[in-house]
Every structure is written in C-alpha cells, then in structure tokens.
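For what it's worth, the numbering used here labels the leading residue of the sequence shown as 15, then goes sequentially.
The next block holds one structure in the form of structure tokens; read it before the comments.
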Amino acid sequence: MSGSWTASLVLSLVVAVADVAAAAAGGAKPLTPGGREVHHNHGKFTAGPWKPAHATFYGGRDGSGTTAGACGYKDTAAEGYGVQTVAVSAALFGDGAACGGCYELRCVDSPGGCKQKAGEALVVTATNLCPPNYDQSGESGGWCNPPREHFDLSMPAYLQIAEEKAGIVPVSYRRVPCARQGGIRYAITGNKYFNMVMVTNVGGSGDVAAVTVKGDKRVKWTPLKRNWGQVWQTGEDLTGESLTFRVMTGDHRKATSWHVLPKDWQFGVTYQASKNF
15 MSGSWTASLV LSLVVAVADV AAAAAGGAKP LTPGGREVHH NHGKFTAGPW
65 KPAHATFYGG RDGSGTTAGA CGYKDTAAEG YGVQTVAVSA ALFGDGAACG
115 GCYELRCVDS PGGCKQKAGE ALVVTATNLC PPNYDQSGES GGWCNPPREH
165 FDLSMPAYLQ IAEEKAGIVP VSYRRVPCAR QGGIRYAITG NKYFNMVMVT
215 NVGGSGDVAA VTVKGDKRVK WTPLKRNWGQ VWQTGEDLTG ESLTFRVMTG
265 DHRKATSWHV LPKDWQFGVT YQASKNF
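Rendered as structure tokens:
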C-alpha cells in the first residue's frame with residue numbers, strides 16, 4: 015500500500031466524519047453514502063407525548079358494528095384486536111397509514127362524564143376511519159371533521175373510561191407500543207394475477223408503512239403497494255413458492271418473516287410468523 019493512497023483514505027474518512035458532525039450540529043440529519051436519511055431505530059417503539067382530543071362511541075354494547083371497516087380488517091375479534099378498537103378521524107387516519115397503531119386514552123376535565131379512576135387509561139387499536147360530517151360544524155356533531163383529532167371508540171371501550179350519557183368527552187391521548195400475542199399474520203386473497211395481502215397482529219408501533227415479499231425461487235424481493243388500509247397488493251405471481259415477507263412499521267423498524275407461507279399456501283388462509291416486533 016503506497017503512502018499517498020493511505021493518506022487519501024485517511025483524508026476521506028476525516029471528511030466523512032466532519033460532514034456527519036456538521037450535519038448534526040446544524041440540525042440536519044446525516045445521509046447514507048447512497049443519499050438516504052439515516053434512521054436510528056434500534057430498540058423498541060416507545061410511547062409518544064400526550065395530546066388533547068375528544069372521544070365518542072359507535073356500535074353496540076357488545077362491539078357489534080365495529081369489527082370491520084376502512085382498515086380492511088374482516089373481524090377484529092378474530093384477528094387479535096378484540097373490541098378494544100377505535101375509528102380515528104381523517105387527521106389521524108392518513109389514508110390508512112394509522113391502521114394497526116395503538117393509542118392510550120385518558121378521560122379528562124369532565125367530572126360528570128369521566129368514569130375511570132385517576133391515572134387509569136385505555137389502550138385501543140385503530141381499525142377504522144371516523145368520516146367527516148361536513149353538514150355539521152366541528153364543534154357540534156362534526157367531531158371528525160378536519161383538522162380535528164378525534165377518537166370514535168367501540169362502545170365497550172368507551173364505557174371503560176366514560177359514562178354513556180356524556181356522549182362526548184375530552185381526552186388526553188398518546189401513541190403507545192402495541193402488545194400482540196404471537197407473530198405477524200398474513201393472508202392472501204385475490205388470484206395469481208392480483209394478490210391482496212392482509213397484514214395483521216403487528217406489534218411495536220403497529221402501523222405498517224411498507225411490505226415486500228420474495229419467494230424461494232423465481233420471485234425476487236418485490237415491493238407491495240397499499241390497496242387500502244392494511245391490505246397490500248401486487249400483480250406478481252406468488253403461487254407455488256415459499257414466501258418471505260418483510261414489514262416496515264411507521265417508525266422505520268423492520269421485521270422479516272422468513273418462509274412464513276409454505277410452497278402449497280392457499281388463498282384465504284391466514285399464516286402466522288414465529289416472530290413480531
């Protein structure tokens with residue numbers, strides 16, 4: 015190794031370190047050699063800050079009328095979410111990006127409406143959209159109109175923190191980690207020319223930002239597109255291959271479910287990975 019080559023290498027490393035330090039000092043985020051933003055996302059998803067909002071309820075006392083909806087879930091009770099669920103306003107829904115995320119809510123500032131003891135909170139999963147009602151103002155009936163952040167809880171969930179007669183109560187909320195039993199679940203519907211993949215039971219931040227799939231032979235890593243909610247689509251022929259899925263949550267953490275679907279997988283059958291976030 016020549017002295018000039020060594021000097022050039024050392025100089026390049028010094029410049030790279032200086033660039034990262036300068037970016038950090040200036041508030042800019044450092045980039046990878048490929049120009050992408052570096053995400054420091056090791057560890058686990060942690061709870062966010064408390065924010066103000068309001069909560070109402072919908073559906074029946076047993077949760078009926080709330081187990082499906084805009085996230086694409088067929089039956090939240092069977093898919094691991096139970097009836098501890100919520101329809102969030104458009105400001106939170108993000109065209110389906112919020113689906114699967116978990117929120118902690120506390121009823122506040124309503125002595126006649128709040129039910130829970132001091133310090134108690136409710137954790138629910140976003141499984142539906144609370145649509146706007148532009149015929150009414152955001153202060154009188156149009157609770158889910160933009161830009162309001164609002165939670166329309168399943169009735170069983172609402173009754174854990176508030177009195178039914180109150181109808182609407184002020185709450186404090188924050189994003190929290192989702193505690194799930196078992197691994198991530200995948201179910202494919204459609205046909206070999208148009209596959210729709212339902213991703214459920216996701217832990218960590220719970221919301222899914224990206225999904226890719228690969229087979230054990232001809233299918234290389236292929237990105238899926240969000241069809242709606244937590245339903246992801248691809249026109250790639252996935253039949254006859256053992257399938258591996260990689261899920262990225264909204265906080266940029268990734269989990270890979272290796273060969274979670276066997277070669278003889280079937281449409282409409284749910285397969286569960288051994289791991290989660």
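Backbone N, C-alpha and C fix where the C-beta goes; we use that ideal spot for every residue, glycine too.
Contacting residues, own chain, Cβ-Cβ under 7 Å from residue i (five flanking each side not counted)
i     : result
Gly73 : Gly79, Thr80, Ser168 and Met169
Check whether residue i and residue j have beta carbons under 8 Å apart
i      : j      : result
Glu118 : Val137 : yes
Ile198 : Val216 : yes
Ala140 : Val100 : yes
Gly115 : Thr214 : no
Arg189 : Ala111 : no
Arg298 : Phe59  : Residue 298 lies beyond the range of the chain shown here (15 to 291); nothing can be said about it.
Cys85  : Gln286 : no
Trp246 : Val274 : no
Ala269 : Phe165 : no
Cys128 : Ala171 : no
Member of the options whose CA lies at the smallest distance from the CA of residue i
i      : options                           : result
Gly96  : Ser288, Trp242, Gly77 and Phe107  : Gly77
Pro161 : Val222, Thr270, Ala104 and Thr284 : Ala104
Tyr187 : Val102, Pro276 and Ser271         : Val102
Gln280 : Gly243, Arg260, Lys231 and Asn205 : Asn205
Thr70  : Phe107, Ala92, Gly108 and Cys144  : Cys144
Pairwise C-alpha distance: residue j and residue i
i      : j      : result
Pro237 : Ala180 : 46 Å
Lys228 : Ser219 : 24 Å
Lys289 : Ser271 : 7 Å
Lys239 : Glu178 : 40 Å
Ala37  : Pro63  : Confidence at Ala37 is low in this model, with a pLDDT of 43, below 50, so the placement of that residue should be treated as unreliable; the coordinate-derived value is given next. Those two C-alpha atoms are separated by around 26 Å.
Cys121 : Trp157 : 16 Å
Val24  : Asp265 : For Val24, the predicted model reports a pLDDT of 39, less than 50, meaning its position is unreliable and no value from the coordinates is stated.
Leu257 : Asp221 : 21 Å
Counterpart residues of residue i in DSSP-defined beta bridges
i      : result
His164 : His68
Leu252 : Note: Leu252 sits in no beta bridge, so no partner.
Gly204 : Asn209
Lys228 : Thr258
Ala176 : Cys128
Leu3   : Past the boundaries of the shown model lies residue 3; the chain is included only from 15 to 291, so the question cannot be answered.
Val102 : Leu143 and Phe165
Neighbourhood of residue i by C-beta distance below 8 Å, restricted to the same chain and skipping five residues each side
i      : result
Gly152 : Asn159 and Arg162
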